[in-house]
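Colleague: Numbering (the numbering used here), first residue to last: -17 to 177. Quick reminder that beta carbons are idealized off the backbone N, C-alpha and C, glycines included.
1) Who are the Cβ neighbours of residue 118 in its own chain at under 7 angstroms, not counting the five residues just before and after it?
2) Note the first and the last residue of the continuous beta strand (DSSP E) segment covering residue -12.
3) Alpha carbons only, please: which of 128, 55, -9 is nearest the one belonging to residue 92?
4) Note down, one range per segment and in chain order, each alpha helix (DSSP H) of at least 4 residues found wholly within the stretch 10 to 39.
5) Buried or exposed: residue 62, going by 16 or more other Cβ atoms within 10 Å of its Cβ?
6) Of all Cβ atoms in chain D, is any one closer than 9 angstroms to the Cβ of residue 14?
7) Quick one: give me the first and last residue of the alpha helix (DSSP H) that residue 93 is part of.
8) Would you tell me roughly how many angstroms separate the C-alpha atoms of residue 107 and residue -4, rounded to the nearest one?
9) Roughly how many angstroms lie between the CA atoms of residue 83 and residue 28, to the nearest whole one?
10) Just mark residue 52 as buried or exposed, buried being the case when its beta carbon has 16 or more other beta carbons within 10 Å.
11) Based on Cα-Cα distance, which residue from 14, 88, 97 lies nearest to residue 67?
12) Would residue 41 and residue 75 be called neighbours here (beta carbons separated by less than 9 angstroms)?
13) Among 143, 49, 121, 33, which residue has its Cα nearest to the Cα of residue 166?
14) Which term fits residue 143, buried or exposed, when burial requires 16 or more other beta carbons within 10 angstroms of its beta carbon?
Below, the structure is given as structure tokens:
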């Protein structure tokens, strides 16, 4: 995978695992902010108020540097870590996986819990749709109106997405392009200023 690509969920999925009457309901969500994650967790805690544990793990950002795993009262590293392990093994980001556990009356032990949370998370990912997205960068360019045709020729040639444009005495255009191509776009636009 290129350095300016990342994998995330296109469609959310649900998973399920059961062991010794304990039920593990898993939900995979596409998320981009911690605020969004907090809202989703609050909804699950409210909806499954009678569940023993609501454990989760998330990974954010194309660089995959912001993450967290939470055991929600399960023995340390038996829930959040195995969930995060599934996210990592699939190299996913901008994802939250929540696993709700209904206790079945029989203790599973640490290895049993690790397997249960891992399998439930894996099932949720398996029932999701994964897509590869590109890391984009915004390139802003200010130019005089007579340069419009030259600017649009470069836009047509390089195919960036036009984020915003203002045409006045001084024109400004904001373009979003794949990170690896941003420098080329900047240099082509910069050359126009000197033609």
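Modeller: Working from what's here:
1) Cβ-Cβ distances below 7 angstroms link residue 118 to 158, 159, 160, 161 in the same chain, with the five nearest sequence neighbours on each side left out; the list follows chain order.
2) -13 to -7 is the span of the beta strand (DSSP E), which, as asked, contains residue -12.
3) Nearest to residue 92 by C-alpha distance, out of 128, 55, -9, is 55.
4) Complete alpha helix (DSSP H) runs here, min 4: 16 to 29.
5) The residue is buried, with at least 16 neighbouring Cβ atoms inside 10 Å.
6) Absent from the structure is chain D; it holds one protein chain and no more.
7) Residues 91 to 108.
8) For residue 107 and residue -4, the distance between alpha carbons rounds to 8 angstroms.
9) Annotation: residue 83 to residue 28 spans about 14 angstroms, alpha carbon to alpha carbon.
10) Its Cβ being crowded by 16 or more others within 10 Å, residue 52 is buried.
11) Comparing Cα positions, the closest option is 97.
12) Yes, Cβ-Cβ distance for residue 41 and residue 75 is below 9 angstroms.
13) The shortest C-alpha separation from residue 166 is found at 121.
14) Exposed.
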